[in-house]
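A short worksheet on the structure shown next.
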Amino acid sequence: MDCPVCKNEKLHVVLTRQGVEVDACHHCNGVWLDKGEIYYFSKNVSKIHQEITTKYPKAHQGKKLSPKNKQPMIEFALESSGISIDYCLESNGIWLDGGEIEKLNDAYKGKWGLKLDRSVQNFEETTPVNSGLLSLPNLFIRSTSVLVGLYALLTLLLIVTAEATNIIAPSSVLFLAIVIALIQFAASPFILDFSLRFMFRMKWVEPDQQPAYLRNFIKNICTKHGIKVPYLGIIEDGAPNAFTYGHTPNNARVVISQGLLDLLEPKEVEAVVAHEIGHAKHWDMALMTIAQLVPLLLYYIYRYLISIKIKGKDETATARLLIAIGAYILYIISEYLVLWFSRIREYHADRFAGNETKNPNLLTTALIKIAYGLAGQEKEGSANERKTGFDAVSAMGIFDSGAAQALAITSYSSGQDYNADDSSLLNKKMAIEAMKWDLWNPWARYYELSSTHPLTANRIQYLSNQAASMGLTPYIMFNLKKPESYWDEFLVDLLVYLGPNIALILCILGAIFTNSQALFGIAIASFGVLSLLAMRFSYNSELFPRMNIESLLRKVKVSGIRPVPCTLKGTIIGKGVPGLLWSEDFVIKDKTGIMFLDYRQPWRIWEFFFGLLRGESLQNKEVVLQGWYRRSPMPFVELKSFTVDGKTRTSYVYHIKMATSIIAIVFGIYFVLTSLILD
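Everything in the sequence shown is counted per our numbering, starting at 23 for the first residue and increasing by one.
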């Protein structure tokens, strides 16, 4: 976009201290705020909104041209400050001349503040990439330490359980665990062979039937590393993905989808297949099977111990309860260890692919294209047909489906049709935009903890570093400086998220140990009060200003707890779950981007029937909606209400949550008063 004042000067993306991107002119210091962005900087949104809407009809045509459409903007003065602003009628964007930001900050002191961090580089400026190869954790040492640690915890718990409860001998427990592990490891590839062939329409492709480029590539890698050529299976499904399984590197199966072959260039297909062969070469199939057994056994022990009924004078009941609690805690810890173990192995498979293709950029572009393919894939037919597709095994794929959708939504190139097959969607600028939230917001790390795959931005960074170390220009260089720490907002969000439950648990424990009914009532009442406060934070409903999708996606300080109230207008272009007949969620498109819409109701059956009976009729319809923009890590708008064809539908989740909190407060007060009267 061009500066309205300097004419020939380009506007550059600059981050603000509030974690919002704006477009600024480095020459005249003017700032362009997209539709609704002015509200990000106000503590009194209603007042700013009122001033703009009341002065808007009295505006006159100005001389400056809108950076968005090159049409003359209107000009009017804000009543409280007397500052003149330029307003684009079509895009609803606002232009502030150099110096007007400071005047606004002074006029609305404490109520409005926009602070730019010009030290943050823009997209047109680049800095040299460090050519030194970033080191990855040693695969052998990490694999050994994780597996030894997991099985040491399991063995210790089994021995303690056997000794304390006298239910079964320690040697029998250990023997049973080993037998289960061996049976699972031996049988799982054959079970997958059967299910993929008869339930997922997979066919094995002999070498002479494979594309020549792929056959030669696989043969060369396997010869180089001294392993047998893996079986290659193709699933007849349009969703692009790939995975590998088997016992050892010498009996590995690599499975890819037809959608992958259709979407990617041959060199990119080679990069994806090399990634999967990397898993086989590193024995990931066997090691992950062994690692995943530990949390399963720990959870089984927990369920078994709490299911034992107490009969008569049971001297082991207390010990069983304590061991069950310990088993559950270890189960949670082991789950996160296994997920971390999986993410480490993904990095090594990426690096293996970069080394074998001699161009890590190929895997980078493949990952971005796969993201669009997974997010934009629209399947025909019934929900049962959908379940026979590739989506059901996506957990083993090259990409976490949630990460794929998040990347596709946030790096979508505005003004284009949402077409997964269109390589022009590979917009580097928007991909960098998408990486900001992943790399800067602590919530991204929080969500990564529960994922089998690393954050997409982290994978791209390591691949870019590998490309630079090979003397290549990285496809994407993320060289932007983080303007500030986002941990303060994260800790506030976490307190809001956990506060009601923490208060409830602490007060209930206190009531149990003190045998106090009053404290039990305080627990319920405090839960209700804190829930109301959390709702006020997480469901801010002071005003739902009109915004566009691009301006929402440019905000970094947003999470599932810290939303942005908004009003959007656009077209419903698809369902939230492609091909699912009863999907109650939707995808909306406006002139600036696409966004997932989350339509919630208090009961799932309500959502089911709405999606089944009404969902299809809303496709390709104009919609005006109010809701809360969130990111967790998928960007989405939780709907408050939406209007299609003049009919408004409302989500009642907010009302039910509010009523539940009030009921909790009333019951809590009742218990406290009853306790005081009885005492």
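Ideal Cβ positions, reconstructed from N, Cα and C, are used throughout, including at glycine.
Notebook entry, point to check: From W226 to Y561, what distance separates their C-alpha atoms?
Noted result: 51 Å
Notebook entry, point to check: From I583, C25 and R467, pick the residue whose C-alpha is nearest to that of V518; which is it?
Noted result: I583
Margin query: For A293, which residues in the same chain have their Cβ closer than 6 Å to its Cβ, ignoring the five residues on either side in sequence?
Written below: A375, T379, L384, L385 and A388
Margin query: What would DSSP say about S64, mapped onto helix, strand or coil?
Written below: strand
Item checked: Of the listed residues S279, E290, L136 and P657, nearest to G52 (C-alpha basis) -> L136
Check: Residue range of the beta strand (DSSP E) that F265 falls in?
Finding: A264 to Y267
Check: Can the beta-carbon of F549 be found closer than 8 Å to that of L574?
Finding: no
Checklist line | S113, buried or exposed, once every other Cβ within 10 Å from all chains shown has been counted against 16 | finding: buried
Margin query: Buried or exposed for G248, going by 16 or more other Cβ atoms inside 10 Å?
Written below: exposed
Next item on the list: State yes or no: is the C-beta of A274 within less than 8 Å of the C-beta of M310?
Entry: no
Notebook entry, point to check: Does the distance from the CB of W628 to the CB of P585 come in under 8 Å?
Noted result: no
Check: Hey, quick one: how far does the beta strand (DSSP E) through P657 stretch, first residue to last?
Finding: P657 to V666
Next item on the list: Can you tell me which of T478, D45 and E470 puts its alpha carbon nearest to the alpha carbon of A393?
Entry: T478
Check: Hey, F363 and V168 are a contact pair by Cβ (cut 8 Å); roughly how many whole angstroms apart?
Finding: 5 Å
Checklist line | Endpoints, beta strand (DSSP E) assigned at W54 | finding: V53 to L55
Item checked: Length of the line joining the Cα atoms of K211 and L179 -> Residue identity check: residue 211 is Pro in the sequence provided, not Lys. Using only the alpha carbons, I get a separation of about 29 Å.
Next item on the list: Write down the C-beta distance between R17 and H297 rounded to the nearest angstrom, noting that I regard them as a contact closer than 8 Å.
Entry: What is shown of the chain runs 23 to 701, which leaves residue 17 out entirely.
Checklist line | Opposing strand residues paired with I257 [DSSP bridges] | finding: M224 and S279
Check: Between L283, P252 and D284, which lies nearest to N272 when the distance is taken from Cα to Cα?
Finding: P252
Next item on the list: Report the option in F631, I594 and R626 whose CA atom is closest to the CA atom of I616.
Entry: I594
Item checked: Three-pair Cβ contact test at 8 Å for the stretch 451-466 versus the stretch 499-519 -> yes
Check: If you draw a straight line from the C-alpha of C529 to the C-alpha of S581, how long is it?
Finding: 29 Å
Item checked: DSSP-derived helix/strand/coil call for P94 -> strand
Next item on the list: With A81 as the anchor, note down where its beta strand (DSSP E) starts and where it stops.
Entry: Note, A81: premise wrong, no beta strand (DSSP E); not H, not E.
Note to self: Only counting the same chain, and skipping five residues up and downstream in sequence, which positions put a Cβ closer than 7 Å to that of K409?
What the structure shows: Reliability fails at K409, whose pLDDT of 39 lies under 50, so the model's placement of it is uncertain and the value that follows must be treated cautiously. Excluding residues within five positions, none has a Cβ falling inside 7 Å.
Next item on the list: Quick one: using the 10 Å Cβ neighbour count with 16 as the cut-off for buried, is N242 buried or exposed?
Entry: exposed
Check: What separation, rounded to the nearest whole angstrom, lies between the Cα atoms of A414 and A466?
Finding: Residue placement at A414 is poorly supported in this model, since its pLDDT is 42, which falls under 50; the coordinates are not used for a value here.
Margin query: Rounded to whole angstroms, what is the Cα-Cα separation between S697 and I691?
Written below: 10 Å
Next item on the list: Could you work out which residue in P288, I345, Q40 and F566 is closest to F239 when comparing CA atoms only?
Entry: P288
Margin query: If I follow the unbroken alpha helix (DSSP H) through Y324, where does it start and stop?
Written below: D306 to S329
Item checked: Neighbourhood of Q40 by C-beta, 7 Å cutoff - its chain only, sequence neighbours within 5 removed -> Y62, F63 and K579
Margin query: Let me check one thing: in DSSP terms, what residues is Q206 bridge-paired to?
Written below: Answer is none; Q206 lacks a bridge partner.
Next item on the list: For C244, name the three-state secondary structure that DSSP assigns.
Entry: helix
Notebook entry, point to check: Under three-state DSSP, which class holds I610?
Noted result: strand
Check: Is it the case that the Cβ atoms of H301 and R373 are separated by a distance below 8 Å?
Finding: no
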